[in-house]
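Going down the list, the protein sequences come from chains A and B.
Residue numbers 253 to 472, in our numbering, belong to the letters of the first sequence in order.
Residue numbers 3 to 114, in our numbering, belong to the letters of the second sequence in order.
Quick reminder that beta carbons are idealized off the backbone N, C-alpha and C, glycines included.
What follows is a single structure, written as structure tokens, with notes after it.
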Amino acid sequence: MTRIPQNWSLKEQNRQAAKQQQRLFDRAGCLVIELLGSPGCGKTSLQEATLPALDRCGVLNGDMASDRDIQRLKPFCGWAIQIETGNRCHLSASDWGVLSASELAMVDWVFVENVGNLVCPAAFPMGAHRRVLLVSTPEGHDKFTKYPTAIAAADLVVISKMELAPYVDFDADFARESIHSIKPHLPVLELSVRQQTGLEAWMIWLYLQRSKHCQSEVVP
Amino acid sequence: MHEFSVAQQLVLAASQAVPRPELVREVGVRVGLLSGLVSESLAFGFEAAKQHSAIPQAVLKIQVAYRSGFCPACNLTFEHAHFWAPCPKCGSQDTQNQGGDDVQLAYLEVDE
């Protein structure tokens with residue numbers, strides 16, 4: 253028997269697929285923001301509040317079934333595409349195959365809403381420039397320590413439905429501490445789409461990412 | 003949750019790594035504690051995935067991989083099982099942490 257060392261890596265495979273995808277986005281000049289979070293955390297509502305304030309947007313939405321979210325978001329963007337994943341629990345880089353180069357050229361912003369799930373999507377980068385984790389206050393301030401992979405993958409945490417915080421005993425300080433025990437310095441925003449609070453900070457974050465991306469990260 | 007698809011990818015990678023895959027007897031894999039994969043499920047998936055593949059004789063050997071932390075102040079490297087951990091010596095939170103979140107094909111044992 254002979255032992256032959258190997259260097260295949262799952263992470264590297266996923267990273268390569270995501271990177272290849274990101275090059276297409278960069279060539280088309282669009283910034284891709286991925287939203288991760290459990291079912292009902294407010295991913296679609298946040299987009300309903302965001303898209304009308306932005307020009308030239310596209311939306312890709314993953315759900316196990318139905319085109320409900322796309323129907324909600326269509327009025328606010330250039331194109332909105334639903335991927336029904338069937339039994340798959342997450343989107344992957346290959347799902348971008350549904351998009352044509354001309355569709356990418358139409359937009360400056362792409363929002364990807366991954367399947368509502370805090371486990372699998374975190375492990376499969378799709379090539380988004382930024383990954384945003386949404387957790388709503390009714391899910392509980394202790395949710396973060398239970399799903400560390402999602403935090404580790406995120407560039408920003410948005411705590412949504414802040415208007416419900418007093419009714420569900422949501423402790424925002426505890427939440428921040430747990431987030432930072434997994435990923436120190438990770439930015440955290442608190443907002444309420446219903447009461448229209450905290451949305452300015454979210455929009456500023458988005459524009460900041462856009463300018464950072466335009467300045468430094470474009471891959472030729 | 004998606005161990006079977008990872009097992010299929012490993013079987014494919016191992017099958018393509020050598021000119022005569024039917025001679026592969028052992029597939030050595032490092033599974034990171036933070037990879038989100040359950041080793042038992044991966045082993046179960048591998049047994050199913052190798053059937054009707056180019057490496058039906060191969061046995062999966064799993065080695066667990068920890069995350070590596072480094073404290074620049076103490077110049078200390080330490081192993082742990084979290085995404086981030088403070089320095090065990092000085093308690094500093096300014097540590098660099100890497101690894102332990104991947105699945106790697108480490109080696110293949112092949113019959114002569």
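- MET414 of chain A has its alpha-carbon roughly 34 angstroms from the corresponding atom of GLN100 of chain B.
- Residue range 424-434 is occupied by the alpha helix (DSSP H) that includes ASP425 of chain A.
- Taking the Cα of VAL445 of chain A as reference, the smallest distance to any Cα among A:ASN266, A:ARG255, A:ASP307, A:ALA301 is reached at A:ALA301.
- Straight through space, the alpha carbons of PHE422 of chain A and VAL364 of chain A are spaced by roughly 27 angstroms.
- Taken in chain order, the members of the stretch 74-86 of chain B whose beta-carbon sits within less than 8 angstroms of a beta-carbon on chain A are HIS84, PHE85, TRP86.
- Listed in chain order, the positions of the stretch 314-343 of chain A with a beta carbon within less than 9 angstroms of a beta carbon of chain B are ARG340, CYS341, HIS342.
- Using a 10 angstroms sphere on the CB of ASP103 of chain B, the tally of other CB atoms reaches 16 or more, which defines it as buried.
- For the stretch 425-436 of chain A, residues whose beta-carbon sits nearer than 7 angstroms to a beta-carbon of chain B comprise ILE434, LYS435, PRO436.
- The closest CA to that of ASP360 of chain A, considering only A:ILE256, A:ARG267, A:THR254, A:SER463, is found on A:SER463.
- If you look at THR401 of chain A, you'll find it in the alpha helix (DSSP H) that goes 400-405.
- Excluding five sequence positions before and after PRO74 of chain B, none of the CB atoms of its chain fall closer than 6 angstroms to its own CB.
- Taking 8 angstroms as the threshold, the shortest C-beta distance from GLY38 of chain B to chain A falls below it.
- For the options A:GLY349, A:MET378, A:MET253, A:LEU443, the alpha carbon positioned closest to that of LEU416 of chain A is the one of A:LEU443.
- When CB distances to chain B are screened at a threshold of 9 angstroms, the residues of the stretch 262-294 of chain A falling below it are LEU262, LYS263, GLU264, GLN265, in chain order.
- A straight line joining the alpha-carbon of SER344 of chain A with that of PHE46 of chain B spans about 23 angstroms.
- Boundaries of the beta strand (DSSP E) around ALA332 of chain A: 331-336.
- For VAL284 of chain A, same chain residues with a beta-carbon under 6 angstroms away, outside a window of 5 residues either side, are PHE277, VAL362, ALA380, HIS381 in chain order.
- Between GLN98 of chain B and PHE80 of chain B, the gap from beta carbon to beta carbon reaches 8 angstroms or more.
- With fewer than 16 other beta carbons inside 10 angstroms of its own, ASP113 of chain B counts as exposed.
- By the C-beta criterion, the stretch 399-414 of chain A is judged to be in contact with the stretch 285-304 of chain A, since at least 3 inter-stretch pairs fall below 8 angstroms.
- Put simply, of A:VAL420, A:PRO400, A:SER433, A:ASN313 the residue whose alpha carbon is nearest the alpha carbon of SER94 of chain B is A:SER433.
- Fully contained in the stretch 253-301 of chain A are the following beta strand (DSSP E) runs of length 3 or more, in chain order: 254-261, 283-289.
- For the C-beta of GLN258 of chain A, the chain B residues within less than 7 angstroms are, from N- to C-terminus, ALA19, LEU107, ALA108, TYR109, LEU110.
- Non-local C-beta neighbours of PRO88 of chain B in its own chain, meaning closer than 6 angstroms and more than five positions away in sequence, comprise GLN95, ordered along the chain.
- Taking 8 angstroms as the threshold, the shortest C-beta distance from GLU114 of chain B to chain A falls below it.
- The C-alpha of ASP315 of chain A lies about 32 angstroms from the C-alpha of VAL31 of chain B.
- Straight-line spacing of the CA atoms in GLN268 of chain A and ALA374 of chain A works out to 16 angstroms.
- From the beta-carbon of GLN11 of chain B, the residues of chain A found nearer than 9 angstroms are TRP260, LEU262, GLN265.
- Using a Cβ distance threshold of 8 angstroms, SER17 of chain B and ILE57 of chain B count as a contacting pair.
- Comparing C-alpha distances from HIS82 of chain B to each of B:LEU44, B:GLU28, B:SER70, B:LEU25 shows the shortest one belongs to B:SER70.
- For GLU24 of chain B, no beta strand (DSSP E) segment is defined, and its DSSP state is neither H nor E.
- Beyond the five residues adjoining it in sequence on each side, GLN323 of chain A comes within less than 7 angstroms, by CB distance, of no other residue in the same chain.
- Under the Cβ criterion of 8 angstroms, GLN95 of chain B is counted among the residues facing chain A.
- Proximity of chain A to ALA50 of chain B at the Cβ level (cut-off 8 angstroms) is not reached, the minimal Cβ distance being about 16 angstroms.
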